[in-house]
Amino acid sequence: MNKTIRRASVFCLLMVLALLVRATWVQAYEARALADDAHNRRNTIAQYAQPLGDIIVAGSPVTGSKETDGDDLRYKRTYTQGELYAAVTGYSSQAYGATQLEGIYGDVLDGTDDRLKNPADALTGVRTDPGDVLTTIDPGVQKAAYEALGDDRGAAVAMDPESGRILGMVSSPSYDPSAISGTGDGDAWQKLLDDPSKPLVNRALRQPLPPGSTFKLVVASAALEDGLYGSVDEPTDSPDPYTLPHTSTVLSNENPAAPCENATLRTALQYSCNNVFAKVAADLGQDKVKAMADAFGFDTKELDVPVRASQSVYPTGMDQAQTALTGIGQFEVTATPMQMAMVSAALADGGELASPHMVSKVTDSDGSTLQEFPDGATRRVVKESTAQQLRSAMVTVVEQGTGGNARIDGAEVGGKTGTAQNGVDNGNTPYAWFTSYAKDDSTGKQVAVAVVVEDSGAARSEVSGNGLAAPIAQKMMKAALKR
Numbered sequence: 042m043n044k045t046i047r048r049a050s051v052f053c054l055l056m057v058l059a060l061l062v063r064a065t066w067v068q069a070y071e072a073r074a075l076a077d078d079a080h081n082r083r084n085t086i087a088q089y090a091q092p093l094g095d096i097i098v099a100g101s102p103v104t105g106s107k108e109t110d111g112d113d114l115r116y117k118r119t120y121t122q123g124e125l126y127a128a129v130t131g132y133s134s135q136a137y138g139a140t141q142l143e144g145i146y147g148d149v150l151d152g153t154d155d156r157l158k159n160p161a162d163a164l165t166g167v168r169t170d171p172g173d174v175l176t177t178i179d180p181g182v183q184k185a186a187y188e189a190l191g192d193d194r195g196a197a198v199a200m201d202p203e204s205g206r207i208l209g210m211v212s213s214p215s216y217d218p219s220a221i222s223g224t225g226d227g228d229a230w231q232k233l234l235d236d237p238s239k240p241l242v243n244r245a246l247r248q249p250l251p252p253g254s255t256f257k258l259v260v261a262s263a264a265l266e267d268g269l270y271g272s273v274d275e276p277t278d279s280p281d282p283y284t285l286p287h288t289s290t291v292l293s294n295e296n297p298a299a300p301c302e303n304a305t306l307r308t309a310l311q312y313s314c315n316n317v318f319a320k321v322a323a324d325l326g327q328d329k330v331k332a333m334a335d336a337f338g339f340d341t342k343e344l345d346v347p348v349r350a351s352q353s354v355y356p357t358g359m360d361q362a363q364t365a366l367t368g369i370g371q372f373e374v375t376a377t378p379m380q381m382a383m384v385s386a387a388l389a390d391g392g393e394l395a396s397p398h399m400v401s402k403v404t405d406s407d408g409s410t411l412q413e414f415p416d417g418a419t420r421r422v423v424k425e426s427t428a429q430q431l432r433s434a435m436v437t438v439v440e441q442g443t444g445g446n447a448r449i450d451g452a453e454v455g456g457k458t459g460t461a462q463n464g465v466d467n468g469n470t471p472y473a474w475f476t477s478y479a480k481d482d483s484t485g486k487q488v489a490v491a492v493v494v495e496d497s498g499a500a501r502s503e504v505s506g507n508g509l510a511a512p513i514a515q516k517m518m519k520a521a522l523k524r
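Each residue of the sequence shown is one higher than the one before, starting from 42 at the first, in this note's numbering.
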């Protein structure tokens with residue numbers, strides 16, 4: 042063998058060895074990454090090769106699957122009353138992925154979750170029948186919230202204070218996930234993206250806004266827990282008008298005739314006295330107010346229900362005037378409706394906050410439980426006596442104060458209204474808030490609710506928590522109590 046042939050042979054051998062090494066590397070180390078790559082269409086084909094599992098509300102599926110015509114994606118997702126449940130289910134789209142429960146439990150719903158496989162399936166890689174996701178949603182509460190919000194832009198959340206079960210979650214405007222579940226829905230998708238009202242955003246969980254006067258419940262809790270005031274009926278040291286510390290800015294009350302000077306916490310909640318709660322926040326200082334806010338769930342980075350809620354924020358690094366403004370839920374305080382429902386829920390349940398959740402269990406195709414979310418995992422936020430006093434004051438708000446539209450015959454109802462500034466110098470339409478609880482006098486059943494109306498189309502002078510948000514909360518609470 043001459044020298045040239047020998048060199049060519051060695052080169053060819055090295056090339057073959059390199060190919061073998063590369064093939065081994067791909068099979069051993071890169072196979073999973075390639076299989077999971079978002080651009081690997083085989084995954085999408087496999088995902089929609091059979092009907093998906095379902096998301097269940099009160100024993101009935103609110104999702105389904107429909108066979109397609111002449112596509113390599115054999116089935117696509119369908120939704121029963123899609124707009125009603127969009128804030129719960131999210132969407133599963135052949136083109137745009139999946140969100141919320143559809144995304145979180147995608148492996149269960151498409152049958153690829155390892156927990157669905159028996160040992161033989163695991164060895165052979167056979168695709169198993171998909172599982173289901175059972176929610177805690179009460180269809181009556183969900184429908185009441187959806188219909189009451191109507192065309193208003195906003196959101197509503199209802200939860201069981203004792204168990205933490207989320208009974209209703211609505212974001213408005215909504216959308217029909219069926220309209221974007223296929224591969225040829227580009228126009229519908231673009232229309233949703235271009236809509237300035239952002240229907241794809243789950244406002245109940247993902248839209249933190251200034252909570253306005255509903256935050257006064259947190260400040261009142263801090264005042265009682267700290268001992269700044271001994272009860273909700275003890276007069277406060279609250280001049281009216283109140284000038285923000287170290288400034289010439291005078292803080293006014295919505296009702297100039299309200300008895301807010303040195304008012305008790307009960308009266309201050311009843312008339313929503315800004316001077317009282319701004320002064321209380323300044324007297325307590327930002328650290329104590331923040332500690333109480335955080336106890337209720339503010340500043341929690343990973344609040345998963347199991348969909349992750351955006352962080353509700355109580356700010357830091359403020360001067361005394363800014364701290365005073367946080368006492369009325371302004372400056373840089375933000376909260377989601379989920380967070381404000383948690384505030385009312387903790388007070389309704391004697392000062393203990395149950396972990397909010399909207400999935401009760403995940404099952405396989407035979408109904409056997411793969412994962413369960415127990416009710417009633419609680420932590421104490423405030424003393425029972427503090428919670429009792431604030432519930433009493435919240436009842437006063439509904440019976441004699443600014444929350445009269447939330448009354449329900451045969452039930453104890455307590456609440457707090459809020460109207461939060463929006464835009465520079467409050468130049469935009471204010472946000473209307475209401476957070477509340479209701480307890481059935483005969484059965485003892487309870488529910489906590491929070492509602493925000495971002496824009497109802499009403500004149501600015503007509504925007505109030507009692508006028509816009511309280512009636513929505515009242516309908517949800519009635520539905521939860523079956524009254």
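Using N, Cα and C, we set each Cβ at its ideal position, and we do this for glycine too.
query, result
"Span of the alpha helix (DSSP H), counted from its first residue to its last, around Tyr126", "123-130"
"The segment 125-140 touching the segment 329-337, judged by at least three CB pairs closer than 8 Å", "no"
"Host beta strand (DSSP E) of Phe337 (start-end)", "Unbroken run through Phe337 is the alpha helix (DSSP H), 327-337; no beta strand (DSSP E)."
"Where the beta strand (DSSP E) containing Tyr187 begins and where it ends", "Counting along the chain, Tyr187 falls outside any beta strand (DSSP E), though it belongs to the alpha helix (DSSP H) covering 180-190."
"Local Cβ density within 10 Å of Leu241, reported as buried at 16 or more and exposed below that", "buried"
"Opening and closing residue of the beta strand (DSSP E) in which Lys107 lies", "104-108"
"Distance, Ala139 Cα to Thr224 Cα", "13 Å"
"Collapsed DSSP secondary structure at Gly144 in the structure displayed", "helix"
"Asp274 versus Pro512: straight-line alpha-carbon distance, rounded", "28 Å"
"Coarse secondary structure for Ala99, derived from DSSP in three states", "coil"
"Residues of its chain near Met333, where Cβ-Cβ distance is below 6 Å and the 5 sequence neighbours each way are ignored", "Val259, Ser262, Ala263"
"Contact belief for Val488 with Gly195 at Cβ below 8 Å, rounded distance in angstroms", "Incorrect: roughly 19 Å between the Cβ atoms, too far for contact."
"Reduced DSSP secondary structure (H/G/I, E/B, other) of Tyr116", "strand"
"Start-to-end residues for the beta strand (DSSP E) that takes in Asp155", "No beta strand (DSSP E) contains Asp155, which DSSP labels as neither H nor E."
"From Asp416, Asp405, Ala510, Thr404, residue whose alpha carbon lies closest to that of Gly445", "Ala510"
"Within the segment 239-270, ranges of the beta strand (DSSP E) (whole runs, at least 3 residues)", "none"
"Bridge partner(s) assigned by DSSP for Glu413", "Lys402"
"Short Cβ contact (9 Å threshold) for Leu142 with Asp179", "no"
"Residues near Met399 by beta carbon distance below 7 Å, same chain, minus five either side", "Val129, Thr176, Thr177, Ile178, Ile207, Met210, Val346"
"Exposure label - Cys53; buried when at least 16 CB within 10 Å", "exposed"
"Element boundaries [beta strand (DSSP E), containing Leu175]", "173-176"
"C-beta atoms of Gln122 and Ser222 nearer than 9 Å", "no"
"Selected residue, minimal CA-CA separation from Thr580, among Asp113, Ala127, Leu114", "Any question about residue 580 goes unanswered here, given that the chain covers just 42 to 524."
"Neighbour-count burial assignment, Val317, 16 or more Cβ in a 10 Å radius", "buried"
"Coil, strand or helix - Glu203 by DSSP", "coil"
"Min CB distance Thr367 to chain B below 9 Å", "Within the model displayed, chain B is absent; a lone protein chain is all it includes."
"Cβ neighbours of Pro276 in the same chain (closer than 8 Å, five flanking residues each side left out)", "Asn303, Ala304, Thr305"
"Three-state class that DSSP yields for Met359 in the structure shown", "coil"
"Cβ neighbour criterion (16 or more within 10 Å) applied to Arg525", "Nothing can be reported for residue 525, as the shown portion of the chain is limited to 42 through 524."
"Integer Cβ distance of Thr460 from Gly506, believed to fall under 8 Å", "6 Å"
"Contact the segment 365-383 vs the segment 243-256: 3+ CB pairs below 8 Å", "yes"
"Glu373 - partner residues in DSSP beta bridges", "In the DSSP output, where bridge partners are listed per residue, Glu373 has none listed."
"Proximity below 9 Å, CB of Val422 to CB of Gly392", "yes"
"Pair within 9 Å by beta-carbon distance, Ala199 and Ala521", "yes"
"C-alpha distance - Glu413 paired with Val348, whole-angstrom precision", "16 Å"
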